[in-house]
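In the numbering used here, the protein residues as written are 84 to 587.
What follows is a short report on a single structure.
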Ligand code: MSP
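Structure, rendered in structure tokens:
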């Protein structure tokens with residue numbers, strides 16, 4: 084089964100921050116894990132470049148929308164690279180090939196009778212590019228996200244008959260309990276539908292920075308419809324001369340935060356139904372990264388620059404920290420102190436040190452060759468169920484839980500070294516077999532857990548696996564005991580050096 088995973092496409096009206104990097108990292112971890120399982124994977128990310136927020140930001144900076152989009156799309160691409168994301172394509176919605184496909188699909192929706200002309204009146208937030216119902220506003224008619232006072236706007240445009248999809252959507256939710264995960268987000272989306280769906284405007288008359296409407300050249304499509312369609316259009320032009328749609332559509336999972344739940348879990352499936360396109364399999368909705376209790380966001384100004392963190396600590400540490408510290412699916416606070424704590428205790432001490440010590444002992448006591456020996460049954464047992472459990476966690480997109488499973492193996496091996504004390508065994512000739520067994524157990528344990536950890540920390544695990552004489556990073560051999568002794572080990576630089584040293 085091919086696996087197609089996406090991130091939201093990020094707005095180019097601002098610079099990327101750690102919140103964007105977070106979703107990209109999570110999607111990448113999933114993509115890498117599925118590749119390890121031998122699946123055919125397509126991983127898409129990109130930028131959302133049309134609409135009023137971008138047009139306004141460009142005007143403020145004295146640029147054209149395209150100039151601003153070109154500049155910031157490069158920044159978002161750089162973030163993908165920075166965090167080691169293996170996206171197969173980076174879509175930009177200002178790409179004419181995207182626009183053409185958007186027109187084709189929405190023309191179909193129009194032809195099928197799901198679109199009509201009308202007048203919209205209501206509170207409008209230009210920063211969200213979204214009309215807000217009165218119930219959504221906070222005191223003083225303010226946008227709950229941007230905290231700016233909103234004006235009532237009136238506009239003639241084309242409407243999408245969303246209300247007609249109320250029942251089909253309710254039925255779909257019933258038939259597909261996995262459509263939105265975690266469960267609380269599923270309930271939230273369903274409650275939104277049940278409270279009654281109003282038709283929504285599909286087009287905008289006031290702006291020109293967008294995909295023009297084929298049946299009314301004075302209008303452009305509302306940026307959200309143009310944006311959502313990226314998941315579908317990208318497949319048609321991501322590979323020159325090849326259309327990947329049949330191979331990868333429907334998407335396996337759209338990953339996003341809860342801010343855009345309504346668009347993905349309600350509007351998007353309705354639009355696809357109207358266009359007679361198969362629905363994606365699942366939406367995974369994660370929580371917010373918080374700084375001092377508040378959502379990290381450009382409008383609040385409490386953003387962390389991922390470039391600075393990666394420069395100091397490396398991409399692996401950032402990937403690990405975000406997915407370990409914040410239970411994936413829930414909101415969670417992050418901080419520099421918390422980051423440094425985990426870097427030192429989990430990565431440098433528990434994992435990095437275990438690796439260096441084990442390799443150093445194999446080098447010193449057995450001349451760099453992993454002994455051919457049996458591992459103690461309690462270690463074999465501790466590792467026996469772990470790979471299957473990790474795979475199961477991945478199937479549920481429970482990334483933090485997967486990491487916790489793996490980390491219990493790291494801790495188990497650390498306890499094992501302390502119990503066995505190979506540095507004492509080596510002093511006693513009669514304990515030679517036991518020393519062989521201890522060293523084999525460490526090498527084999529490190530190998531298996533590094534394979535499981537590989538999607539989270541691709542660099543460190545690849546280095547360690549190589550030092551253990553192993554090239555295979557797939558999950559084929561992620562079973563304790565599937566590799567015997569005899570591998571030649573190499574020296575390993577500290578995987579997570581002290582940060583002062585890294586910063587030099
Ligand atoms: N352009 C739309 C999405 C269109 S998708 C068809 C958009 N862009 S955005 O730049 O605002 O990105 C929002 C997404 O960025 C969130 O859904 C989430 O994936 C990520 N995050 C931004 N800030 C974040 C946090 N503070 N915490 C967690 N995720 C964060 O909405």
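Glycine residues also receive a C-beta, built at the ideal position from the N, C-alpha and C atoms.
- Item | Separation of residue 217 from residue 223, as counted between CA atoms | Going by the C-alpha atoms only, they are around 11 Å apart.
- Three or more C-beta pairs closer than 8 Å, one from the region 275–288 and one from the region 323–335: is that the case here? The region 275–288, when compared against the region 323–335, does not touch it at the 8 Å Cβ threshold.
- Task: Could you pull the start and end residues of the alpha helix (DSSP H) that residue 300 belongs to?
- Result: For residue 300, there is no enclosing alpha helix (DSSP H); the residue is part of the beta strand (DSSP E) that begins and ends at 299–304.
- Are the region 392–399 and the region 160–169 touching by the rule of at least three beta carbon pairs closer than 8 Å? By the Cβ test, the region 392–399 is in contact with the region 160–169, since at least three Cβ pairs between them sit closer than 8 Å.
- Message: Using only CA atoms, which one of 123, 148 and 369 lies nearest to residue 171?
- Response: Taking only the C-alpha atoms, the option nearest residue 171 is 123.
- Message: Considering just the uninterrupted stretch of the alpha helix (DSSP H) at residue 464, what are its terminal residues?
- Response: Note, residue 464: alpha helix (DSSP H), 460–467.
- Neighbourhood of residue 559 by C-beta, 8 Å cutoff - its chain only, sequence neighbours within 5 removed: 121.
- Message: If you reduce the DSSP assignment to three classes, tell me which class residue 365 lands in.
- Response: It is a strand residue.
- Message: With a threshold of 8 Å on Cβ separation, who are the neighbours of residue 585 within its own chain once the five nearest residues in sequence on each side are excluded?
- Response: Because the pLDDT of residue 585 is 44, which lies under 50, any placement of that residue in the model is unreliable, and the number read from its coordinates should be weighed accordingly. Closer than 8 Å at Cβ, skipping near neighbours: 395, 396 and 397.
- Message: Within 10 Å of its beta-carbon, does residue 587 have 16 or more other beta-carbons around it, so buried, or fewer, so exposed?
- Response: Summary for residue 587: the model assigns pLDDT 41, below 50, so the residue's position carries little reliability; its value from the coordinates is reported in the next sentence. By the 10 Å Cβ count, residue 587 comes out exposed.
- Task: Would you tell me roughly how many angstroms separate the C-alpha atoms of residue 99 and residue 533, rounded to the nearest one?
- Result: Taking the straight line from one Cα to the other gives about 30 Å.
- Taking 8 Å as the threshold, find out whether the region 357–377 comes into contact with the region 251–267 through three or more Cβ pairs. By the Cβ test, the region 357–377 is in contact with the region 251–267, since at least three Cβ pairs between them sit closer than 8 Å.
- Under the criterion of a Cβ to heavy atom distance below 7 Å, does residue 106 qualify as lining the ligand FAD? Here the bound small molecules are the ligand MSP; the ligand FAD is not part of this structure.
- Neighbour-count burial assignment, residue 230, 16 or more Cβ in a 10 Å radius: The residue is exposed, with fewer than 16 neighbouring Cβ atoms inside 10 Å.
- Task: Examine the ligand MSP and report whether any of its heavy atoms sits within less than 7 Å of the Cβ of residue 313.
- Result: Correct: residue 313 has its Cβ closer than 7 Å to the ligand MSP.
- Query: When you compare only the Cα positions, how much space is there between residue 539 and residue 112?
  - Reply: C-alpha separation (whole angstroms): 6 Å.
- Assign residue 91 to one of three DSSP states: helix, strand, or coil. In this structure, residue 91 counts as strand in the three-state DSSP scheme.
- Which of helix, strand or coil DSSP assigns to residue 373: Residue 373: strand per DSSP, three-state reduction.
- Item | Separation of residue 157 from residue 176, as counted between CA atoms | One C-alpha to the other measures close to 14 Å.
- Task: Throw me the rounded Cβ distance for the residue 573 and residue 550 pair, which I believe falls under 8 Å.
- Result: Your pair residue 573 and residue 550 checks out as a contact, with CB atoms roughly 5 Å apart and the cut at 8 Å.
- Item | Beta-carbon proximity of residue 309 to residue 288, cut-off 8 Å | In this structure, the beta-carbon distance from residue 309 to residue 288 does not fall below 8 Å.
- Query: Among 536, 575, 219 and 569, which has the Cα closest to the Cα of residue 456?
  - Reply: Cα-wise, what sits closest to residue 456 is 569.
- Using 10 angstroms around the beta-carbon of residue 515, count the other beta-carbons present and answer buried if the total reaches 16, otherwise exposed. With fewer than 16 Cβ atoms within 10 Å of its Cβ, residue 515 is classed as exposed.
- Message: Let me make sure I understand the geometry here. Which of 330, 522 and 433 has the alpha-carbon closest to that of residue 462?
- Response: Ranking the options by Cα distance to residue 462, first place goes to 522.
- Just the Cα atoms here: how many angstroms apart are residue 260 and residue 159? Taking C-alpha positions only, residue 260 is separated from residue 159 by approximately 34 Å.
- Task: Put residue 510 into one of helix, strand or coil per three-state DSSP.
- Result: Three-state result, residue 510: coil.
- To the nearest angstrom, how far is it from the Cα of residue 435 to the Cα of residue 422? Linking residue 435 to residue 422 through their CA atoms gives a straight-line distance of about 16 Å.
- Check whether the Cβ atoms of residue 293 and residue 196 lie closer than 8 Å to each other. No, they are not a contact pair.
- Task: From the DSSP output, in three-state form, read off residue 345 for me.
- Result: Three-state result, residue 345: helix.
- Message: Let's test the definition: count the other Cβ atoms within 10 Å of the Cβ of residue 96 and tell me whether it reaches 16, buried, or not, exposed.
- Response: The residue in question, residue 96, is buried, as its Cβ has 16 or more Cβ neighbours within 10 Å.
- Message: Checking 8 Å against the spacing of the C-beta atoms, do residue 209 and residue 219 come in under that value?
- Response: Contact flag unset, no.
- Is the number of C-beta pairs between the region 313–322 and the region 231–241 that are closer than 8 Å three or more? Contact fails: fewer than three Cβ-Cβ distances are below 8 Å.
- Task: To the nearest angstrom, report how far apart residue 225 and residue 94 are at their CA atoms.
- Result: Taking the straight line from one Cα to the other gives about 21 Å.
- Measure the C-alpha to C-alpha separation of residue 148 and residue 155 and round it to an integer number of angstroms. Residue 148 and residue 155 have their C-alpha atoms some 11 Å from each other.
- Query: Within 7 Å: the Cβ of residue 103 and any heavy atom of the ligand MSP?
  - Reply: Checking every heavy atom of the ligand MSP against the Cβ of residue 103, one is found closer than 7 Å.
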